[in-house]
Amino acid sequence: MLTILFDGIAYGMLLFILAVGLAVTMGLMNFINLAHGAFAMAGGYITVLLMQHFGVPFLLCLPLAFIGSALLGAVLERTLYRPLYNKPHLDQVLFSIGLVFMAVASVDYFVGSTQQIVQLPPWLKGRTEIGSGAWMLGMGHYRLFIIAVCAALTVGLQYLLARTRFGSRLRASVDDQRVAAGLGINVNLVFLSTFAVGSGLAGLGGALGAEVLGLDPSFPLKFMIYFLIVVAVGGTTSITGPLLAALLLGIADVAGKYYIPKLGAFIVYSLMIAILIWRPQGLFVRKGGK
Numbered sequence: 001m002l003t004i005l006f007d008g009i010a011y012g013m014l015l016f017i018l019a020v021g022l023a024v025t026m027g028l029m030n031f032i033n034l035a036h037g038a039f040a041m042a043g044g045y046i047t048v049l050l051m052q053h054f055g056v057p058f059l060l061c062l063p064l065a066f067i068g069s070a071l072l073g074a075v076l077e078r079t080l081y082r083p084l085y086n087k088p089h090l091d092q093v094l095f096s097i098g099l100v101f102m103a104v105a106s107v108d109y110f111v112g113s114t115q116q117i118v119q120l121p122p123w124l125k126g127r128t129e130i131g132s133g134a135w136m137l138g139m140g141h142y143r144l145f146i147i148a149v150c151a152a153l154t155v156g157l158q159y160l161l162a163r164t165r166f167g168s169r170l171r172a173s174v175d176d177q178r179v180a181a182g183l184g185i186n187v188n189l190v191f192l193s194t195f196a197v198g199s200g201l202a203g204l205g206g207a208l209g210a211e212v213l214g215l216d217p218s219f220p221l222k223f224m225i226y227f228l229i230v231v232a233v234g235g236t237t238s239i240t241g242p243l244l245a246a247l248l249l250g251i252a253d254v255a256g257k258y259y260i261p262k263l264g265a266f267i268v269y270s271l272m273i274a275i276l277i278w279r280p281q282g283l284f285v286r287k288g289g290k
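If you're matching positions, the sequence shown starts at 1 in the working numbering and goes up one per residue.
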């Protein structure tokens with residue numbers, strides 16, 4: 001039982017890092033970017049290709065995946081996304097879903113459709129067991145590493161949004177762009193930086209999750225619904241909501257597949273429906289934004 005809880009927390013933390021960028025773009029920037037999973041896939045393939053073809057160590061690939069995905073996000077935000085900020089949400093959905101299929105086809109053509117394998121360092125393999133019987137806790141070293149990295153990123157992101165000048169400028173830009181621009185805030189630069197950071201976090205999540213979730217060209221399509229569930233259940237105007245939603249989703253998914261494997265994702269969707277009936281706007285909602 002404790003092992004299932006531990007694996008569920010690790011899975012949930014990974015989902016949070018993968019989905020938090022989507023929560024930022026949807027909640028803070030009011031843009032529905034269904035192509036968010038493509039940036040996660042980009043980070044995963046950057047890691048795999050650097051390790052397989054250039055012998056780059058795994059730990060060095062993680063920041064490179066973040067930087068590469070962030071740069072890709074910055075370029076696409078400046079060239080493709082920005083003109084759609086004031087368009088109807090349906091236009092944003094159709095545009096971003098089109099990018100997903102283009103990304104899937106491009107990766108399948110240039111890299112291939114086979115499942116990619118990530119060779120972890122020896123110290124990240126194996127597991128440590130504590131206790132015995134029903135209360136035995138089996139901690140996989142790599143999942144423990146994922147929890148530690150994602151927890152540090154969560155704390156850093158919360159501090160960035162709540163305690164820094166950039167966070168205050170971002171909240172001001174979201175609440176009223178015209179007033180923020182009148183106060184001297186470069187709204188376009190703030191949104192560009194925010195989109196790049198969100199894309200970079202997705203890429204980092206893709207790099208971390210390649211070994212756990214698997215990596216192939218269909219990655220953005222397979223996990224799109226999970227990202228949307230995290231954002232819908234947690235709310236889009238805070239970090240706390242998506243974090244709690246990702247943990248609930250991760251634990252429910254792992255426990256459901258272990259105890260009732262025939263039901264598949266039924267438990268996850270039932271939990272989502274129950275929470276949305278109780279809190280239609282998500283678990284946490286920041287008031288005051290326009």
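Cβ coordinates follow ideal geometry from the N, Cα and C atoms, glycine included.
Is it buried or exposed, residue i, if we count other Cβ atoms within 10 angstroms and call 16 or more buried?
i	result
Tyr81	buried
Arg143	buried
His53	exposed
Ile273	exposed
Glu211	buried
Gln281	exposed
Tyr159	exposed
Tyr259	exposed
Ile130	exposed
Met102	exposed
Ala148	exposed
Asn86	exposed
Ser238	buried
Ile117	exposed
Pro242	buried
Pro261	exposed
Phe110	exposed
Leu263	exposed
Ser96	buried
Do you know offhand how far residue i's Cα is from residue j's?
i	j	result
Phe266	Leu249	12 Å
Ser69	Trp278	36 Å
Leu271	Asp7	19 Å
Ala23	Ser199	11 Å
Ile17	Gly156	12 Å
Leu59	Val187	34 Å
Lys290	Gly203	Caution applies to Lys290, whose pLDDT of 43 falls short of 50 and renders its modelled position unreliable; the value that the coordinates give is listed next. The alpha-carbon atoms of Lys290 and Gly203 are separated by roughly 29 Å.
Gly12	Pro88	32 Å
Leu201	Ile67	9 Å
Gly205	Gly214	12 Å
Asp91	Cys61	35 Å
Thr114	Val179	50 Å
Ser168	Ile185	10 Å
Leu161	Leu183	19 Å
Considering residue i, what are the terminal residues of the alpha helix (DSSP H) in which it resides?
i	result
Gly167	165-175
Ile46	36-54
Glu211	187-213
Thr3	2-23
Pro57	Where Pro57 is concerned, there is no enclosing alpha helix (DSSP H), given that its DSSP letter is neither H nor E.
Val107	89-110
Ala265	That residue, Ala265, is in no alpha helix (DSSP H); it is neither H nor E in DSSP.
Gly234	219-234
Between which two residues does the beta strand (DSSP E) harbouring residue i extend?
i	result
Met139	137-140
Thr362	Residue 362 falls outside the range modelled here, since the chain spans only 1 to 290, and no answer is possible.
Compute the beta-carbon to beta-carbon distance between residue i and residue j, rounded to the nearest angstrom, for a pair I have assumed lies under 8 Å.
i	j	result
Met29	Phe191	6 Å
Ala252	Gly234	Ala252 to Gly234, Cβ: 14 Å. No contact.
Phe219	Ala65	No, Phe219 and Ala65 are not in contact; Cβ-Cβ is about 14 Å, not under 8 Å.
Ala207	Gly43	5 Å
Leu297	Leu137	This structure gives no information on residue 297, because the portion of the chain shown stretches from 1 to 290.
Val174	Ala19	Not a contact, Cβ separation roughly 19 Å.
Leu99	Ala38	6 Å
DSSP beta-bridge partners for residue i?
i	result
Thr128	Met139
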